[in-house]
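Notes for the one structure printed next.
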Amino acid sequence: MKETYETKTEQLRQIIEKIEDGTTGLDESMRLYEQGAVLVKQCETMLAEAEVRITTLSRDA
0 MKETYETKTE
10 QLRQIIEKIE
20 DGTTGLDESM
30 RLYEQGAVLV
40 KQCETMLAEA
50 EVRITTLSRD
60 A
């Protein structure tokens with residue numbers, strides 16, 4: 000099942016909370032940061048694809 004933009008942003012929010020809570024160690028924080036960076040790129044790609052679709056639909060309307 001493909002994850003939605005909303006699912007990815009929720010995962011990102013949870014990662015941010017874990018990093019900022021002050022109890023996560025350095026190694027875990029780095030692992031979470033890397034996961035977050037991947038999620039950000041995926042979200043940016045999804046937004047860019049949506050923008051292309053909207054532009055195409057607007058042009059064709």
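Residue numbering for the sequence shown follows numbering that gives the first Met the number 0, starting at 0 and increasing by one per position.
Where a beta carbon is used, it is the ideal one built from N, C-alpha and C, also for glycine.
Could you spell out where the alpha helix (DSSP H) holding residue i opens and where it closes?
i   : result
T21 : As written in the sequence, residue 21 is Gly, which differs from the Thr given in the question. Per DSSP, G21 belongs to no alpha helix (DSSP H) and is neither H nor E.
Assuming residue i and residue j are in contact, meaning their beta carbons sit under 8 Å apart, how far apart are those beta carbons, in whole angstroms?
i   : j   : result
L11 : V39 : 7 Å
For a quick check, are the C-beta atoms of residue i and residue j less than 8 Å apart?
i   : j   : result
L31 : I53 : no
Q34 : K7  : no
M45 : Y4  : yes
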